[in-house]
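First comes the structure, then the notes that go with it.
Protein chains: 6
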Amino acid sequence: MKINLINPNTCIGMTEKIASSAKSVALATTDIIASSPTHGPESIESAFDEVIASAALLDVIRQGEEQKVDAHIIACFGDPALDAAREIATVPVIGIAGAAFQLASLVSYRFGIVTTMTRTLPASEHLLQRYGYQHFCSGARATDIAVLDLEDTSEDIYLELKNECEKSIQIDGAEAIVLGCAGMSDLAARLAEELQVPVIDGVSAAVKLAESLYQLGLNTCKIGQYGLPLNKAFHGRYQHWGSSKKQ
Amino acid sequence: MKINLINPNTCIGMTEKIASSAKSVALATTDIIASSPTHGPESIESAFDEVIASAALLDVIRQGEEQKVDAHIIACFGDPALDAAREIATVPVIGIAGAAFQLASLVSYRFGIVTTMTRTLPASEHLLQRYGYQHFCSGARATDIAVLDLEDTSEDIYLELKNECEKSIQIDGAEAIVLGCAGMSDLAARLAEELQVPVIDGVSAAVKLAESLYQLGLNTCKIGQYGLPLNKAFHGRYQHWGSSKKQ
Amino acid sequence: MKINLINPNTCIGMTEKIASSAKSVALATTDIIASSPTHGPESIESAFDEVIASAALLDVIRQGEEQKVDAHIIACFGDPALDAAREIATVPVIGIAGAAFQLASLVSYRFGIVTTMTRTLPASEHLLQRYGYQHFCSGARATDIAVLDLEDTSEDIYLELKNECEKSIQIDGAEAIVLGCAGMSDLAARLAEELQVPVIDGVSAAVKLAESLYQLGLNTCKIGQYGLPLNKAFHGRYQHWGSSKKQ
Amino acid sequence: MKINLINPNTCIGMTEKIASSAKSVALATTDIIASSPTHGPESIESAFDEVIASAALLDVIRQGEEQKVDAHIIACFGDPALDAAREIATVPVIGIAGAAFQLASLVSYRFGIVTTMTRTLPASEHLLQRYGYQHFCSGARATDIAVLDLEDTSEDIYLELKNECEKSIQIDGAEAIVLGCAGMSDLAARLAEELQVPVIDGVSAAVKLAESLYQLGLNTCKIGQYGLPLNKAFHGRYQHWGSSKKQ
Amino acid sequence: MKINLINPNTCIGMTEKIASSAKSVALATTDIIASSPTHGPESIESAFDEVIASAALLDVIRQGEEQKVDAHIIACFGDPALDAAREIATVPVIGIAGAAFQLASLVSYRFGIVTTMTRTLPASEHLLQRYGYQHFCSGARATDIAVLDLEDTSEDIYLELKNECEKSIQIDGAEAIVLGCAGMSDLAARLAEELQVPVIDGVSAAVKLAESLYQLGLNTCKIGQYGLPLNKAFHGRYQHWGSSKKQ
Amino acid sequence: MKINLINPNTCIGMTEKIASSAKSVALATTDIIASSPTHGPESIESAFDEVIASAALLDVIRQGEEQKVDAHIIACFGDPALDAAREIATVPVIGIAGAAFQLASLVSYRFGIVTTMTRTLPASEHLLQRYGYQHFCSGARATDIAVLDLEDTSEDIYLELKNECEKSIQIDGAEAIVLGCAGMSDLAARLAEELQVPVIDGVSAAVKLAESLYQLGLNTCKIGQYGLPLNKAFHGRYQHWGSSKKQ
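So the protein sequences, as listed, match chains A, B, C, D, E and F. Under my numbering, the first residue of the first sequence carries the number 5, and numbering increases by one thereafter. Under my numbering, the first residue of the second sequence carries the number 5, and numbering increases by one thereafter. Under my numbering, the first residue of the third sequence carries the number 5, and numbering increases by one thereafter. Under my numbering, the first residue of the fourth sequence carries the number 5, and numbering increases by one thereafter. Under my numbering, the first residue of the fifth sequence carries the number 5, and numbering increases by one thereafter. Under my numbering, the first residue of the sixth sequence carries the number 5, and numbering increases by one thereafter.
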């Protein structure tokens, strides 16, 4: 199968990192196509960044559709534009936050989220509410590491992250850690080994769920809420959505 | 005061209609500047439309900021991009759905929502949940009138809408009607008179709330979740957000 | 328009204070009639006080109806007797707690409540639940200043209150402060200036909402839950309600 | 033990009826003192009626305290003034709605409420929410029998009530019926026999709970939320509360 | 009446202890038959223990049915197998946790739970959620006293328990204490005297509720969810359930 | 990897059926060991059946542990004994209801559940609440086909089931169907083809999730709530649990 793994920001380093994480867990028969939008912010750390990146990533969904992929993964912990993507895609679309919550709930009584900037914490709360996982979560903690600083592979960054994970386990009672940023996916294995609790990287989780749906022949229901949007005129920089939205 | 009244779709007729509704209820000292984005869809009827319109309307927020307006109103019933707009604006931003819910709850025990397409109903549910008004709502009903068909001023359209309002009152127990589309604002007065219950148009409601905040000197807290986004690089068609995001 | 601004306790100083706050924010065309019941407690600090004051304030609602006011405001943070007042009034009735929550949610991600006695905290919880604003609230804090001690204009009282507001902001993460007692309305402006976050006084908020409803021609739906009570016999000290309940 | 069984309205027939129901289930050692306020409405069918009756019934609580009763029961399905009564009483206070919900949940998976007027339905909803029994309730149904018409012992009234109980069982899936008015207590036994499901009369339920608390030596915690109200001045017709509130 | 008081674990000391507690509060006409299963764990401190004890205690329910008891009490704070027991019993079945919550909510604004092992805390959370009492609970605290160590009557154990109760009152704001283990029932009276707040032992509470139901003639609705299970084959060590499930 | 696929009832036909379903979707490298307990009921259709089957299935978990399996699947829609199984297992344990909800939420806006007997509907409600998927579910419907009648492969049974699925889609608005019994797993493919919406069989879903966890190296956190139960004495028919609980 072919998976369109979308990094919704424009940071190439992060696209490469998640591609590598995804490939390391994918089945031999799974082809990971990592991509990112041409347009938009270099990182997503506010509602503003997310709105811009959301519009930009829909172009990458369409690209994937043209390439006849079998699933799309939106690899940003806010699961931006998930409903919109499901509308325009003909194959399943999975967000990494939702994917991580699902698998975390299978291996722990309560999981903690450890993320980047303090101001992204409400995004975690909204996602937990949207997916109904509030009672599985012992709390979300911010490291105040900026998303792009995760590109820095220094030990300091790792230790800050690990330190916050330890607080989540010892103070909040987390029995598993959900990493709150796609840019942390390369650190999951080391953290798991050193923390001795399950550490869930949403990118890897989403890849396995995409493969699961594919093998079961399950696809998004295209009648109802995720049906194709009505055709209509789009103006200016979105003119290209005006007539060829449907595949 | 100056209010930036934003129609997030590109349909000029609707922009004119809401301008007229807003002006008819504004104080003499309130200056309504009605505007709409250059880019984006002609109407908003799906999550996809909303994501595109959200990115587009942020440009209009910035325009308003440059014109030194005292408040912004996002005049689409989904309250798209509300958090993002609050981050980049220096003055209050009000969504018409939230505004309508607030005033409706002051004059009725339970209100009903009557909206356009069936597939926009989940948007109403999400808004009720976001704002905490689920228990004030007797239910949302769709007329399956397309947004642009509201431009059609024929009696038929009016009667279909009125018919659904009557069901909301008689079957669901609504004691007030919240109109679920900015494009219905011109019909509120007639409906109120014929239905004999309060009919709340979010555009008018938002204008009064904007004036209220202004007169009380209340402005968005710019420390915390609605602080200005961090400066960062934006690429491609969003390059203009890269350096001058702050006012 | 004429607003019947009701202080439900019998403390004249507080009635004067809220009248002054209300007048300072009202439109030139708004006439504020401040009043308080002849009967009942000097302050409301327990469920017991509230029950007595509730019965007493309904007489003041009737007085206002006889004076043909256009709205009633119940200026006690517990919003006592709100539903009962809406039943016997022919014009909108607004509680100051609900009004404060509404405006606070427009200018902050999360607001804190700072109130008087610890034992009034459950009242705040009930109101947040009733109105659906729990998730907008970062917590309620008590100063243990007795309601009548707010009549004391000493710097000490002010500083105690300010101190609790600071804890609400710094510890609980409040981005705006809702003042939990009508008797604090004269301190809102100074607090806002010194705390540098929005400070919402419910009295002022309710005045603007009453004006908003009036200008929009919105009135309580009198069919259904807020319909006039059935006529029936009342005995003893409530005999006067027996026959002239209807206007 | 002595129980102060309070009918909060002034209808003597109802006081006698509930006295009789209570006595029929009380232990031989339990003394039922049935009483009603001198003041207030003849029946409680709106929020307005309830506010007036609430203030009036507190005098009857005090009377009971002077008579050194061991528990108070508020025998109106809205459980009016329950918190206030707990504050001024030195012994337990039980509301009949809460009592009925508790016992109903012990003998059925889901119970239905069958009550008087349609407009009292929101009171049932609030009580279910307050006590946390929403998920035990299959729905509340109104008979639109006025409270005082329950004094009428005609077969018609009984059949109307029985008919609504049958709908609750057959349509809503109720496995037990909670009677939504103290004035129905004399009909519980016949309904139970004919409907063949448990029928819970709150008056009887409350008597057994009062006896249970008494036998276990459990009394209201008087430190905290149910502590005695602070002493303060009361004016006019409530002057008597000013100094002798404490027993 | 005859009550089948079931200790679901096999520790005879605990069976005797709860028998003594139950008898000390039962009416003279109530016959307490204390029993425990022949099979299963010596104490219940994990989900695993509870599953085994649940199957084992159903045999004791059947024994009670054969002895024609009038009610069954499941005397383990997890209320194990409550629904299953209600299905196979022809008379009411009461769990001690639910019973304790009910009476605690009648005498306090918020109660705290003080229990044994930390890992039983989720059981308390589930019970609060199941019964709808979350908002009545100020929190659950574990003493990490093993269940069987409660058989030890040393002062140390008592003081550890009392210490945690004091934290519940002073830190969490509990106004009453619910004891989270049947094995603590002998300590309730001393704790109540020393802590000066109501202390609720679920065993005693359940006895009074069982007597209440009996005196009111209320029995489990045997149509619907608590109807007798369908007859079917059972194999191996559960073969005895195969044909004589019905009484 | 080796999966211990447990049918918790003793019906061999059902064990074979789910084995076949599981094998049809498993990877080539996955070894499915289908098993069922020696003890217990032939089908699970009440809380009573579930309690007995729960105790019985734990023996099969232990068997699987001795066979060094890599995951256990509990193939009954009530997810019986899930927490207990996680405590005694050293590898992940997955319930088919939770698994089905997770995948269904990835391919539909709202899913419906179609199950066997009416009296199992509360079990579905509890599971939705436990896992937080209530808002993803458009409702649960019962066919009143007994579990063992699913062994009957006649067209009638299929058509009854299909008919209820169609109601779920057309009346309740389901966009996907979750099959509410392991015994329906052989019908999923035909239903999906004829209904034209995703049909999710929990057995297949659980197999893919088990494989996903295995490939990601994620295992149940054995510190905390799912830690091994404390060692203790077990009596009678559960004596074998007394000393060798740990692997």
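Using N, Cα and C, we set each Cβ at its ideal position, and we do this for glycine too.
Opposing strand residues paired with residue i [DSSP bridges]
| i | result |
| --- | --- |
| C141(C) | F115(C) |
| A256(D) | Since the first residue of chain D shown is 5 and the last is 251, residue 256(D) is not available in this structure. |
| V97(E) | H76(E) |
| V203(D) | I181(D) |
| A146(A) | T119(A) |
| H239(B) | G44(A) |
CA-to-CA distance, residue j to residue i, given in whole angstroms
| i | j | result |
| --- | --- | --- |
| S109(B) | H130(C) | 17 Å |
| A88(F) | V211(F) | 20 Å |
| A104(E) | V207(E) | 8 Å |
| L31(C) | P202(C) | 21 Å |
| G187(B) | K21(B) | 7 Å |
| A214(B) | R90(B) | 14 Å |
| T122(A) | Q71(F) | 47 Å |
9 Å Cβ cutoff, residue i in contact with chain B
| i | result |
| --- | --- |
| I204(C) | yes |
| C225(C) | yes |
| H139(A) | no |
| Y113(C) | yes |
| V182(C) | no |
| S189(C) | no |
Local Cβ density within 10 Å of residue i, reported as buried at 16 or more and exposed below that
| i | result |
| --- | --- |
| D63(C) | buried |
| R194(E) | exposed |
| I16(A) | exposed |
| T224(A) | buried |
| L217(A) | buried |
| S142(B) | buried |
| S189(A) | buried |
| G44(B) | buried |
| L163(A) | exposed |
Any non-hydrogen atom of the ligand SAH within 8 Å of residue i CB
| i | result |
| --- | --- |
| V182(C) | The ligand SAH is not among the ligands present in this structure, which contains no ligands whatsoever. |
Chain C within 9 Å of residue i, Cβ atoms only
| i | result |
| --- | --- |
| Q251(B) | Since pLDDT at Q251(B) reaches only 39, below the 50 mark, its modelled position is unreliable, and the value read off the structure follows with that caveat. By this cut-off, Q251(B) is not an interface position. |
Residue i at chain A interface by Cβ criterion, 9 Å
| i | result |
| --- | --- |
| H43(B) | yes |
| K236(B) | yes |
8 Å CB neighbourhood of residue i in its chain, flanking five on each side removed
| i | result |
| --- | --- |
| Y161(E) | Here residue 161(E) is Ile; the residue named in the question, Tyr, does not match the sequence. I149, D153, L154, listed in sequence order. |
| A93(F) | I65, G68, E69, H76, T224 |
| N11(B) | M18, T19, I22, A38, S39, S40, A79, C80, A186 |
Chain F within 9 Å of residue i, Cβ atoms only
| i | result |
| --- | --- |
| H76(E) | no |
| E91(E) | yes |
| S47(A) | no |
Contact with chain E by residue i, beta-carbon distance below 9 Å
| i | result |
| --- | --- |
| V55(F) | yes |
| V151(D) | no |
Own chain, CB closer than 6 Å to residue i, minus 5 neighbours either side, in chain order
| i | result |
| --- | --- |
| A38(F) | L9, T19, A23 |
| L61(D) | I10, P12, P41, A85 |
Cβ shell of residue i (< 7 Å), same chain only, five flanking positions each side left out
| i | result |
| --- | --- |
| E54(F) | I48, G82, P84 |
| S112(B) | E179, A180, P202 |
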